[in-house]
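J.: This structure is in structure tokens; I'll ask about it shortly.
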Amino acid sequence: MPETTRLPLSRWRLLPRRLVQFALLELACCAFAIAIFVGLAVSALIWSHTDPPIARYDALLIYVVVVQIAFVALKQETWRELGVICTFHLIGLALEVFKVRTGSWAYPDAGAVRIGGVPVFSGFMYASVGSYICQAFRRLDLHVGGFRWWPVSLLAVAAYLNFFTHHVIVDLRWVIAAGFLIALWGSAVHFTVGGDRYWMPTTVAFILIGGFLWLAENLATALSAWRYPDQADGWHLVHAGKFGSWALLISLSFVLVAAVKAKEGTLYGRGLPRVTRRRLRIAET
Numbered sequence: 071m072p073e074t075t076r077l078p079l080s081r082w083r084l085l086p087r088r089l090v091q092f093a094l095l096e097l098a099c100c101a102f103a104i105a106i107f108v109g110l111a112v113s114a115l116i117w118s119h120t121d122p123p124i125a126r127y128d129a130l131l132i133y134v135v136v137v138q139i140a141f142v143a144l145k146q147e148t149w150r151e152l153g154v155i156c157t158f159h160l161i162g163l164a165l166e167v168f169k170v171r172t173g174s175w176a177y178p179d180a181g182a183v184r185i186g187g188v189p190v191f192s193g194f195m196y197a198s199v200g201s202y203i204c205q206a207f208r209r210l211d212l213h214v215g216g217f218r219w220w221p222v223s224l225l226a227v228a229a230y231l232n233f234f235t236h237h238v239i240v241d242l243r244w245v246i247a248a249g250f251l252i253a254l255w256g257s258a259v260h261f262t263v264g265g266d267r268y269w270m271p272t273t274v275a276f277i278l279i280g281g282f283l284w285l286a287e288n289l290a291t292a293l294s295a296w297r298y299p300d301q302a303d304g305w306h307l308v309h310a311g312k313f314g315s316w317a318l319l320i321s322l323s324f325v326l327v328a329a330v331k332a333k334e335g336t337l338y339g340r341g342l343p344r345v346t347r348r349r350l351r352i353a354e355t
């Protein structure tokens, strides 16, 4: 395994370019999510000025199904990845049904295709998170070191179940979050940008993704994808506490996709042991 090194001056000069390249790669990874936001924005504009013969949420369902089919047809996602994404779709839809029934949020617009009062298109918003992770593995040549399967998987399931159980028993999110910090200690995601290999602690990756999902949630509620009770009289920023909720929920999506990559033999990559305590500043290719 390469030794820890400092960035030479030439590498620092390349940093702005690498940041731009990284941002462009991230945008490409978010293609499915971007397509959903385009659909939300266009439909919000159309339904606010006209009265189409089909309900908005039903039109969005047709749209996202077409987008998903296009992704597979264009080989942006494999059939195996699609299976994982659909699994997260169902997991997200189950959470939506429960949360809507408990009054945590609501879907204000019309739509006939619903399950438990939840428009079916909403599951695709969760699926877009799985799609992002699948794309990140491919486009960034992402590999994981120090990933402890059983502790992380059990914590991911616990984090998901806590979204249900905290309504009837004590909220354990902070205990679970502390568990993740311990289980992921020494774990890092290794990725390629512009031919150079970089690393990031897996915990930091979860937190960053959770932050961007919180920003996405603000945009989605502004476009009336759904609405929280305190937004009934007008839109405003979603409570910052949702940041942590997304950071925890992303763990389940990551575990599902990582399971596929492990089966394909691409999760750890060459020279990356399953458990390693050595942390790299930058690893040469």
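Add 70 to a position in the sequence shown, counting from 1, and you land on the number used in the numbering used here.
Note that the Cβ used here is the ideal one computed from N, Cα and C, for glycine as well.
What is the rounded straight-line gap between the Cα of R208 and the Cα of Y338?
T.: About 13 Å.
J.: Give the C-beta separation of A226 and L285 to the nearest angstrom, bearing in mind that I take them to be a contact with Cβ-Cβ under 8 Å.
T.: Not really, about 22 Å apart at Cβ, beyond 8 Å.
J.: Report the three-state DSSP secondary structure of P122 (helix, strand or coil).
T.: Coil at P122, not helix or strand.
J.: Count the other C-beta atoms from every protein chain shown that fall within 10 angstroms of the C-beta of E334, then say buried if there are 16 or more, exposed otherwise.
T.: E334 comes out exposed.
J.: Indicate whether the contact test is met: 3 or more Cβ pairs, each with one atom in the stretch 154-165 and one in the stretch 199-206, closer than 8 Å.
T.: Verdict: yes, contact present.
J.: Quick one: does W269 have its CB under 9 Å from some CB of chain C?
T.: Judged by its chain identifiers, the structure shown contains no chain C, having just a single protein chain.
J.: Just verifying my parser: in three-state terms, what is the DSSP assignment at D51?
T.: Any answer about residue 51 is impossible in this case: the structure gives the chain only from 71 up to 355.
J.: Less than 9 Å between the beta carbons of L130 and G109, yes or no?
T.: For L130 and G109, yes; Cβs fall inside 9 Å.
J.: Enumerated in chain order, which unbroken segments of the beta strand (DSSP E) with a length of 3 residues or greater are wholly contained in the stretch 233-265?
T.: If we require 3 residues or more, the beta strand (DSSP E) runs fully inside the stretch 233-265 come out as 258-263.
J.: Using the beta-carbon count (16 or more within 10 Å), is K195 buried or exposed?
T.: Just to set this straight, residue 195 is Met in the shown sequence, not Lys. So M195 ends up on the buried side.
J.: Between V327 and the rest of its own chain, which residues show a CB-CB distance below 8 Å, the 5 nearest in sequence each way excluded?
T.: So the list reads E151, V154, G200, I203, C204, F207, once near-sequence residues are dropped.
J.: Excluding sequence positions up to five away, which residues of its chain have a Cβ less than 7 Å from the Cβ of W305?
T.: Closer than 7 Å at Cβ, skipping near neighbours: T291, A292.
J.: Only counting the same chain, and skipping five residues up and downstream in sequence, which positions put a Cβ closer than 6 Å to that of P343?
T.: Residue confidence for P343 is low, a pLDDT of 43 falling below 50, so the modelled location carries little weight; the figure read from the coordinates is stated next. Hits under 6 Å: none found.
J.: Using DSSP with H/G/I as helix, E/B as strand and the rest coil, what is H306?
T.: Coil, per DSSP.
J.: In whole angstroms, what separates the C-alpha of A98 from that of L210?
T.: Near 10 Å, if we compare the C-alpha coordinates of L210 and A98.
J.: Smallest Cα separation from N288: which of T272, A228, V308, V325?
T.: Per the Cα distances, V308.
J.: If F276 and A317 are in contact, beta carbons under 8 Å, what's the gap, nearest whole angstrom?
T.: At roughly 5 Å, the Cβ-Cβ gap stays under 8 Å, so F276 and A317 are in contact.
J.: For the beta strand (DSSP E) containing V214, name the first residue and the last one.
T.: Residues 213-215.
J.: For F168, which residues from the same chain have a beta carbon less than 7 Å from its beta carbon, with the 5 sequence-adjacent residues on both sides left out?
T.: So the qualifying residues of the chain are F234.
J.: Apart from the five residues just before and just after T336, which ones in its own chain have a Cβ nearer than 8 Å to its Cβ?
T.: Correct list, in chain order: F207, H213.
J.: Mind checking who I185 pairs with in its DSSP beta bridge?
T.: Answer is V188, bridged to I185.
J.: In angstroms with no decimal places, state the Cα-to-Cα distance between A332 and V245.
T.: Roughly 28 Å between the two C-alpha positions.
J.: Is the beta carbon of V137 sitting closer than 9 Å to the one on F102?
T.: For V137 and F102, yes; Cβs fall inside 9 Å.
J.: Between which two residues does the alpha helix (DSSP H) carrying L318 extend?
T.: 311-334 is the span of the alpha helix (DSSP H), which, as asked, contains L318.
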